[in-house]
Amino acid sequence: MIKYLIASFISLVVVICGLWMHTKLFYSFAVSSQMDHTTINWIIDAGHGGEDGGAVSITGVAESGINLQIAKKIDYLFGFLGEPTLMLRNEDISLHDDSAITIREKKVSDLHYRTEITNHNQNATLLSIHQNTFSQPKYSGTQVFYAPTEGSQPLAEQLQLDIQTYLQPENQRYAKLIYETVYLMNHIENRAVLLECGFISNPQEEKNLQKADYQIKFAMVVTSSCLKQ
Ligand SMILES: [Zn+2]
Numbered sequence: 001m002i003k004y005l006i007a008s009f010i011s012l013v014v015v016i017c018g019l020w021m022h023t024k025l026f027y028s029f030a031v032s033s034q035m036d037h038t039t040i041n042w043i044i045d046a047g048h049g050g051e052d053g054g055a056v057s058i059t060g061v062a063e064s065g066i067n068l069q070i071a072k073k074i075d076y077l078f079g080f081l082g083e084p085t086l087m088l089r090n091e092d093i094s095l096h097d098d099s100a101i102t103i104r105e106k107k108v109s110d111l112h113y114r115t116e117i118t119n120h121n122q123n124a125t126l127l128s129i130h131q132n133t134f135s136q137p138k139y140s141g142t143q144v145f146y147a148p149t150e151g152s153q154p155l156a157e158q159l160q161l162d163i164q165t166y167l168q169p170e171n172q173r174y175a176k177l178i179y180e181t182v183y184l185m186n187h188i189e190n191r192a193v194l195l196e197c198g199f200i201s202n203p204q205e206e207k208n209l210q211k212a213d214y215q216i217k218f219a220m221v222v223t224s225s226c227l228k229q
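Just so we're aligned, residue 1 is where the sequence shown starts under my numbering, counting upward by one.
Here's what the structure looks like:
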């Protein structure tokens, strides 16, 4: 009986070690395959993910999920148009490494990873997808920000103009330089824009941003606008 228990225990340890090795190898492969890309035109960054849900909407929906839904549609449309892309995340996960324990460490590690991959593909343009929020629910409309890197401002202005022309005629916003506190946008060399797609603190816009047909329209305007620049 004891021999049987020892044998079972050893088998269990072997299986757990195998799964751990597989996970580590898969993660290394995933990172190295992303690092190997040299012909990527567009890096699509669905902001936040995993424990970091980002802003929370007026009905309690995390920004991270909406970001991913819109990012996937942009990725799909670029693929359809023959443009090589790289999605920084494809699931509801944080991109931190195994050494990060606290939420703060995970957030820092996640942003360093996104920065590293983006800088490794310097000819690619970064599109960072986020949702806005404000204490007063009346504010709405997409706000496009640009990184302090070459070519970013004209792209942001084109996006802001096209979104207003084709999707939000009441939107009076101008493209703005990104705040210095946004780590990723200030630690890359690439052309880069960050889209605050809309205010999830506004009841109507929060509903729209979660509808597949609105997300597709938004993604179509973004991809066609990007290809003008
Ligand atoms: Zn965000």
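Built from N, CA and C at the ideal position, the CB exists for glycine as well. Predicted model only: the values in this text are computed from it and were never measured.
- With respect to the C-alpha of Asn132, the residue from Leu167, Val56, Leu155 having the closest C-alpha is Val56.
- When only Cα atoms are considered, Ile70 and Tyr179 end up about 23 Å apart.
- A Cβ-Cβ contact shorter than 8 Å links Leu81 with Leu227.
- In this model, His112 and Leu184 are separated by some 8 Å (Cα to Cα).
- Distances between the C-beta of Ala147 and the heavy atoms of ligand 1 are all 7 Å or more.
- One Cα belongs to Pro203, the other to Gly54, and the distance between them is close to 18 Å.
- Annotation for His96: Lys106, Ser109, Asp110 place their beta carbon closer than 6 Å to its own, counting only its chain and skipping 5 residues before and after.
- For Tyr166 and Ser128, the gap between their C-alpha atoms comes out near 21 Å.
- Across the structure, Ile66 and Pro137 are spaced so that their CA atoms are roughly 18 Å apart.
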